[in-house]
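Working notes, beginning with the structure itself.
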Amino acid sequence: MTEPVFFHMAGIHKVYPMGDEQVHVLKDVNLDLEKGDYLSVLGPSGSGKTTLMNIIGCLDTASAGEYVLEGYDIGEMDEVELARIRSREIGFIFQNSQLLPRLNALKNVELPLIYAGVSPRERRQRAREMLEKVGLSRRMEHYPNQLSGGQQQRVAIARAMVGNPAILLADEPTGALDQKTGRQVMDLFQALNREGRTIIMITHDMNIAACARRTVHIVDGVLTERAGEAHG
Amino acid sequence: MGNSIRGILVMVKEYFAMSWSNIRGNKVRSFLTVLGILIGVTAVIALITTVSGFSGTLSSSFRSMGAGSLMLSVTGNDLKSGLSREDLTVLTELEEVDGVSPSVSLRGRVARGGAYQSNVTVSGRNAYYFLKNEGMVSRGRTIHPSDEENMTFVCLISQELVTTFFYGEDPLGRNLYIDGVPFLVVGILSGDGGTSVTAMMSSGSASIVIPYTTALKMNNTGDVTSLVVYAADGLESGDVTTVLEETLDAMFSYEEDCFTVTAMTSIEDTMNNMLSMVSTLLAGIASIALVVGGIGIMNMMLTTVTERTMEIGLKKALGAIPWQIQMQFLIESFLLSMIGGVMGVALGLFLSLILCQAIGSTFVISVEAILLGVSFSAVVGILFGWAPARKASRLNPIDALRSM
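Protein chains in written order, with the working numbering: chain X, 1 to 232; chain R, 1001 to 1404.
This is the structure in structure tokens:
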């Protein structure tokens, strides 16, 4: 048996109806990744990069084309199966970290494991390990409003990793941070990638995109591999 | 992985914790939301508990007269209009009967010196009556068997008449004129006229009590038409009905419809039935408040779902399936409703305790009422939480995340 295909996108199209017209957001996107890749998707706003992220993150399905993740054909899945795939294979990191204000750092990190049905003891154990890994072992009981922006983003990274997903999917991970803390988050990403984590980062910032080992460009829904001129 | 029963239990426990922290995070709003349920359950519990306490008191007061007494009312026929003294003796000597207490009433003009009072209720009683209703006499003596025998002109009078006719004098041993006939006052009736139900029903308003034989004579009749029959020890009133009816049938030459025998137990049953109907009706009206409360919860939950769109989107992105989101919101509305229900039960019991003391009945905690209140609010929580929870579970995660 050969190993299942890790990440394969071929001929992905996304068309939204908007009034009477059809908006063609993604046009024939082809993308393949290996385990341990660190990819940045660089594009200006309105280029279709958020739509691409939604499809990669299994929040949305393509209008046409093939998307295979860890051997699963994502295009064929219903709502519940997509949720299961997100739970197992995707770790989301959002621009504004998006922590639940009523839960402390530890509980926030545990959240994905609750939906995956992991036992409380194992949940706690794994959440602790992740927070230690992102350097927050002394902030576990803190609530989001007691943490700085950089710390909050590190909690969010811990939360993304705790389910041991195939891909860490980051959407403008430094967008809400100052340059110094942004740099620290990028260092953390590089360290995680060296440990073998696969990371896909969506950004409009050239400098941030340059931290990745591979960069693809998206303009008007078309994905290109070549190093183009700067956008945004 | 997440499909085992244990996994689901762990998850549900987690949703309870999350819901609890959401409810606590919005204390004022949560309290206002559960107020409707609280009031509804309070009303239902207070009503049911108070009515059941009252009917318990009523039953025990029925029982206090020996659980076995029968009201006998005679209409008679052309030959025989009532029961003679000999008939009463026959009834008294029945094995199943302990004794009989006839009641003869008339209205008369009472006078003494220059003072008089018209239309005073005068009750004819026997010695046995006073035996069965202790505490009727506050001073002096009761009617004796010899008074019945000799149709003596003695009377017992109420406190009210004492003030009217004997101001500053001791009435005992003095005369009072009833329809012009002098009666010797031998006793004073106590104010409450006894606590038993027969006393309440047959002589509560009597101002003067005289021997029933004397009363018959004053009415120019020899026949008693109304009496209470007491069953012998260990017998219930229902047991005596048959033998009593047979004896009376013989007395009235087997003609129909000459008398009615009503066992106290059947009166008690009727009253209890009426009370439980009334309480069901009232509880039904009170449960309208529960429905209104449910609508309040639904409104609050719909608002919550809108407010927490981002949270729902995030949870879905983190792998929550629709069922899990629905469950969480359902548990939240269930919990809200239960909080209202439990508070309502406590408040309702407290209110009922006060009410029971005010009307002087015993306070009994009714387990059925508590179960009813709690289960009703649980049902309301789930029923009215369903639509908002479903709305939350169907949010598209992309739209939800876009609101960030």
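Glycine included, each C-beta is placed from N, C-alpha and C at the ideal position.
Using DSSP with H/G/I as helix, E/B as strand and the rest coil, what is residue i?
i         : result
R:Gln1159 : helix
X:Met77   : coil
R:Ser1393 : helix
R:Asn1026 : coil
R:Gly1108 : strand
R:Val1364 : coil
R:Ile1321 : coil
R:Pro1145 : helix
X:Val118  : coil
X:Pro144  : helix
R:Tyr1129 : helix
R:Thr1306 : helix
R:Val1041 : helix
R:Tyr1015 : helix
X:Gln252  : Nothing can be reported for residue 252 of chain X, as the shown portion of chain X is limited to 1 through 232.
X:Asp37   : coil
X:Pro165  : coil
Just to confirm before moving on: does the CB-CB distance between residue i and residue j stay below 8 Å?
i         : j         : result
X:Leu82   : X:His217  : no
R:Val1120 : R:Ala1215 : no
X:Arg197  : X:Leu177  : no
X:Ala156  : X:Ile199  : no
R:Leu1395 : R:Ile1312 : yes
X:Lys102  : X:Leu113  : Looking at the sequence provided, one finds Arg at residue 102 of chain X rather than Lys. Not closer than 8 Å, so no.
X:Arg86   : R:Gly1007 : no
X:Leu59   : R:Pro1322 : no
X:Pro144  : X:Glu70   : no
R:Ser1069 : R:Ser1237 : yes
R:Phe1259 : R:Leu1038 : no
R:Ala1046 : R:Gly1348 : yes
R:Ser1207 : R:Ile1157 : yes
X:Glu110  : X:Arg124  : yes
R:Ile1188 : R:Gly1140 : yes
R:Glu1242 : R:Leu1094 : Reading the sequence as shown, one finds Thr at residue 1242 of chain R and not Glu. Their beta carbons are not under 8 Å apart, which means R:Thr1242 does not touch R:Leu1094 by this criterion.
R:Phe1329 : R:Ala1387 : no
In chain X, which residues lie with their C-beta within 9 Å of the C-beta of residue i?
i         : result
R:Gln1324 : Ala83, Ile114, Tyr115
R:Gly1340 : Chain X residues near R:Gly1340: none, gap ~22 Å exceeds 9 Å.
R:Met1301 : Those do not exist, as R:Met1301 stays about 17 Å from chain X at its closest Cβ, beyond 9 Å.
Which residues of chain R have a Cβ atom closer than 7 Å to the Cβ of residue i, listed in chain order?
i        : result
X:Glu79  : Pro1322
X:Leu59  : Ala1317, Pro1397, Ile1398
X:Ser63  : Simply none; closest approach about 14 Å.
X:Gln146 : Per Cβ cutoff of 7 Å: no residues; X:Gln146 is ~16 Å from chain R at best.
X:Asn54  : Ile1398
At a CB-CB cut-off below 8 Å, which residues of chain X make contact with residue i?
i         : result
R:Asn1022 : Arg102
Could you pull the start and end residues of the beta strand (DSSP E) that residue i belongs to?
i         : result
X:Ala234  : Beyond the ends of chain X as shown, which are 1 and 232, falls residue 234 of chain X; an answer cannot be given.
R:Thr1260 : 1259-1263
X:Asp187  : Run containing X:Asp187: none in the beta strand (DSSP E); it sits in the alpha helix (DSSP H), 179-194.
R:Thr1177 : The question names Thr, yet the displayed sequence has Tyr at residue 1177 of chain R. Its beta strand (DSSP E) spans residues 1175-1178.
R:Glu1096 : Element bounds for R:Glu1096: n/a, residue is neither H nor E.
X:Thr224  : 222-224
Just mark residue i as buried or exposed, buried being the case when its beta carbon has 16 or more other beta carbons within 10 Å.
i         : result
R:Ala1043 : buried
R:Pro1102 : buried
R:Pro1211 : buried
R:Lys1013 : exposed
R:Glu1086 : exposed
R:Thr1089 : exposed
R:Thr1213 : buried
X:Lys180  : exposed
R:Val1292 : exposed
X:Asp20   : exposed
X:Tyr72   : buried
X:Lys35   : exposed
X:Val23   : exposed
X:Asn108  : buried
List, in order along the chain, the chain X residues whose C-beta lies closer than 7 Å to that of residue i?
i         : result
R:Val1028 : The premise fails here: R:Val1028 is roughly 16 Å from chain X at the closest Cβ pair, so nothing lies under 7 Å.
R:Glu1014 : Ile114
R:Glu997  : Outside the shown range of chain R, which is 1001 to 1404, sits residue 997 of chain R, and nothing can be said about it.
R:Glu1311 : Leu100
R:Met1011 : Ile114, Gly117
Which chain R residues are close to residue i, counting only those with a beta carbon under 8 Å from its beta carbon?
i        : result
X:Leu111 : Lys1315, Leu1318
Hey, could you find the ends of the alpha helix (DSSP H) residue i is sitting in?
i         : result
R:Arg1139 : R:Arg1139 -> not in any alpha helix (DSSP H); beta strand (DSSP E) instead, spanning 1137-1140.
R:Tyr1407 : Because chain R here runs from 1001 to 1404, residue 1407 of chain R falls outside it and cannot be looked at.
R:Lys1080 : It is not in any alpha helix (DSSP H) - R:Lys1080 carries neither H nor E in the DSSP assignment.
R:Thr1242 : 1237-1251
R:Tyr1212 : 1212-1218
X:Leu52   : 49-56
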